[in-house]
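Worksheet: one structure, shown below.
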Amino acid sequence: MKITFADPARPAKGVAVVFVLEGGKWTETGALLDKKTKGALRRAAKAAKFTGKKGQELTVLAPTGTSLDRVLAVGLGNADGIDAKILNEAGGAIQAALAKHTASADIHVDEIKKLPLDTSKMAAEIGYGAELRSYRFDKYRTREKAENKPTLKGLTIRVPGAAAARKAHAPLGKIADGVFLTRDLVSEPPNVLYPAEFADRIKAELTALGAKVTVLGVKEMEKLGMGALLGVGQGSTRESKMVIMEWNGLKADKKGAAKPLAFIGKGVCFDTGGISIKPAAGMEDMKWDMGGAGVVSGLMKALAGRKAEVHVIGAVGLVENMPDGNAQRPGDIVTSMSGQTVEVLNTDAEGRLVLCDVLHYVKERFKPKFMVDLATLTGAVIIALGESRAGMFANDDDLADKIFTAGEEIGERVWRLPLGDEYDKLLDSDAADMKNISGGRGAGSITAAQFLQRFVGDTPWVHLDIAGVTWSKKDTAVVPKGGTAFGVRLLEKFVAENYG
Ligand code: BES
Ligand code: MN
Ligand code: ZN
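Using the numbering used here, you'd call the opening residue of the sequence shown number 619 and step up by one each time.
Following this line, the structure appears as structure tokens:
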């Protein structure tokens, strides 16, 4: 969907979107239309109990006294409470309300007194929200009925100072591009998106933006001694890969100075559980077990796309976890790149085995300022936090606080869970340096995080368990059902606020 910015104009034809503040305060264009209709808009509002609360919407069809087909009034709540998140949600609501019957619409953004952000920023955030909500993964639907297909092709945002709005929107459009890459990757079926295909796609996407991309195959990873990652992939006919993306947008005089930021993602392109096989019901969900790697790829695209002045590494471990004559067995002992040995007691606890080698590699190779990993790591985090917050684990309070804050602002929220020696010792093994599951029933997300912590040394580190938030069964304001890309906007915000 195309978002354009244009100078204000009186609504004449088609669809007009106007805004209303709490207490029935219509912004300029809305008030003007109400006058033209001899008060029909305000009467309709009264009849529908539409008072301008945030989240409220009112549609008036073919209003008398105008040649318009439709007026959509959208509530924003109190002027002093309006922030980017509320505007994104308003944009998303507009997109959803018009998607199925309208080709284009004019959104009239008038000046609002006591607005905490300027009007051009307001217009930009509304456009961004509409864009985020417009995503659809329909490339494999060849027989969809015309009446079910979205008709909305573009939105024109009419605002004083359209050029400033366009400029404020530009970086947001790049973030949306990153979000859409993640959603595409997460939505692709597992017969199409296997490790090599994943690697090819992100290499093409990121090199086009000027990032450096390195792809390692099994031979290279064997040389590095990545026995934990390779053990997971050994039952698959699809070759395991690791991809390292590097974006250095620092100014020439700073280029070599600072340590890079690093983001690491679990990319299990399909997780059958391996020999410890999963039940059939719901196994199809495991196509999105590469969600962490998808987020890291989308985040890198967003940062490179908006030419962020930061040095950042994105690394993803890509494997397929299959049962096979060559698959790893429960009881196998593998040697990780760090030299630590792992007794694999359950081949379905594979994400940690992939991540431990990628974490160690990134730590040694880049000596980063910090590492943030994302993984659809445990079903247990869904039991703990449900589907609205990701689980967060950290060895560094400052880093955790920064990510928490970014999440509250952007609406991708996390909740910190504890780490501790009492959990760590549950992973001690009699046969090797550690086992990959605790064997007990409790604290499954914590023991998974403890496992990862054994590989990060004293590098500041945050682990986000995104198993509950990577896929959504229902639409929300800026996220249509399906792959959410949870983490892209969160970490982009975290980088923008703290590093550039
Ligand atoms: N990919 C799964 C976790 C998962 C479950 C993600 C549901 C999204 C939705 C992971 O590899 C896994 O199988 N974890 C096991 C760990 C157990 C064997 C210790 C789990 O959560 O049951
Ligand atoms: Mn698993
Ligand atoms: Zn998994």
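Glycine is no exception: its CB is placed at the ideal position from the N, C-alpha and C atoms.
Exercise for review: Can you have a look at P1098 and say buried or exposed, based on whether 16 or more other CB atoms are within 10 angstroms of its CB?
Suggested key: Label assigned to P1098: buried.
Exercise for review: State the DSSP-derived secondary structure class of T622, mapped to helix, strand or coil.
Suggested key: Note: T622 maps to strand in three-state DSSP.
Check your understanding: G1025 and G1086: beta carbons closer than 8 Å?
Key -> Cβ atoms of G1025 and G1086: not closer than 8 Å.
Check your understanding: Between which two residues does the alpha helix (DSSP H) containing I931 stretch?
Key -> In the DSSP assignment, I931 falls outside any alpha helix (DSSP H) and within the unbroken beta strand (DSSP E) covering 929 to 939.
Practice item. Report all residues from its chain with a CB closer than 7 Å to the CB of G997; omit the five preceding and five following residues, and keep chain order. Key: Only A1085 meet the Cβ criterion.
Check your understanding: Is it buried or exposed for L679, if we count other Cβ within 10 angstroms and need 16 for buried?
Key -> By the neighbour-count rule (16 or more Cβ atoms within 10 Å), L679 is not buried but exposed.
Practice item. May I ask you to report which of helix, strand or coil DSSP gives E675? Key: Of the three classes helix, strand and coil, the one that applies to E675 here is strand, per DSSP.
Check your understanding: So does the segment 883 to 892 actually touch the segment 959 to 974, counting three or more Cβ pairs closer than 8 Å?
Key -> At 8 Å Cβ cutoff, the stretches touch.
**Study point:** I775 (DSSP reduced to helix, strand or coil)
**Key:** In this structure, I775 counts as strand in the three-state DSSP scheme.
Exercise for review: Mind reading off the beta-carbon distance from L1082 to L977? Whole number of angstroms is fine, and I expect it under 8 Å.
Suggested key: Contact flag wrong, Cβ pair sits at about 13 Å.
Review point. Roughly how many angstroms separate the alpha carbons of T855 and L847, rounded to a whole number?
Key: Spanning the two alpha carbons is a distance of roughly 15 Å.
Check your understanding: Excluding sequence positions up to five away, which residues of its chain have a Cβ less than 7 Å from the Cβ of G916?
Key -> So the qualifying residues of the chain are G796, V797, L799, T800, A1103, V1106.
Exercise for review: Work out the CA separation of M619 and G683 for me, nearest whole Å.
Suggested key: When rounded, the distance between both Cα atoms is 31 Å.
Practice item. Count the C-beta pairs between the segment 659 to 679 and the segment 690 to 705 that are closer than 8 Å, then say yes if the count reaches three, no if not. Key: Contact between the segment 659 to 679 and the segment 690 to 705 is established, with three or more Cβ pairs separated by less than 8 Å.
Review point. How about D991: is its Cβ closer than 7 Å to a heavy atom in the ligand ZN?
Key: Set against 7 Å, the gap from the CB of D991 to the closest heavy atom of the ligand ZN is not smaller.
Check your understanding: Can you name the residues that DSSP bridges to E864?
Key -> When DSSP reads this structure, E864 sits in a beta bridge with K830, I931.
Check your understanding: CA-CA distance, F1022 and K732?
Key -> Answer to the nearest angstrom: the Cα atoms are 28 Å apart.
Point to revise | Sequence ranges, beta strand (DSSP E) only - wholly within the segment 675 to 740, length at least 3 | key: Qualifying beta strand (DSSP E) stretches, in chain order: 675 to 679, 685 to 695, 722 to 726.
Check your understanding: Given a threshold of 16 other Cβ atoms within 10 Å of its Cβ, counted over all protein chains shown, does G944 qualify as buried or as exposed?
Key -> The displayed chain sequence assigns Asn, not Gly, to residue 944. Its Cβ having fewer than 16 others within 10 Å, N944 is exposed.
Point to revise | C-beta atoms of I725 and V638 nearer than 8 Å | key: Cβ atoms of I725 and V638: not closer than 8 Å.
Check your understanding: Hey, A741 and F623: beta-carbon distance below 8 Å or not?
Key -> Closer than 8 Å, so yes.
Check your understanding: When DSSP labels each residue in this structure, what does M908 get in the three-state scheme?
Key -> Reduced to three states, the DSSP call for M908 is coil.
Review point. Can you name, in chain order, every residue of its own chain whose Cβ lies under 6 Å from the Cβ of D942, other than the five neighbours on each side?
Key: In chain order, G853 place their CB closer than 6 Å to the CB of D942, counting only its own chain and leaving out the 5 sequence neighbours on each side.
Practice item. Counting only runs of 4+ residues fully inside the segment 1029 to 1076, write out the alpha helix (DSSP H) ranges in chain order. Key: Runs found: 1039 to 1042, 1062 to 1071.
Check your understanding: Is the beta carbon of F881 sitting closer than 8 Å to the one on V990?
Key -> F881 is a Cβ neighbour of V990, given a cutoff of 8 Å.
Review point. When the Cα atoms are used, what is the spatial distance from E927 to Y1117?
Key: E927 and Y1117: Cα-Cα distance of roughly 8 Å.
Point to revise | Classification of V810 by the beta-carbon crowding that lies within 10 angstroms, buried from 16 upward | key: Of the other Cβ atoms in all chains shown, fewer than 16 fall within 10 Å of the Cβ of V810; this residue is therefore exposed.
Point to revise | Sequence-ordered residues whose beta carbon comes within less than 5 Å of a heavy atom of the ligand BES | key: Going along the chain, the residues that qualify are D889, D907, N964, D966, A967, G969, T994, T996, G997, I1055, A1085.
Review point. Heavy atom of the ligand MN less than 7 Å from the Cβ of G935, yes or no?
Key: Incorrect: G935 has no Cβ contact closer than 7 Å to the ligand MN.
Check your understanding: So, is P1036 buried or exposed, given that buried needs 16 or more other C-beta atoms within 10 angstroms?
Key -> Label assigned to P1036: exposed.
Review point. DSSP on R856, reduced to helix/strand/coil?
Key: For R856, the secondary structure class from DSSP, reduced to helix, strand or coil, is coil.
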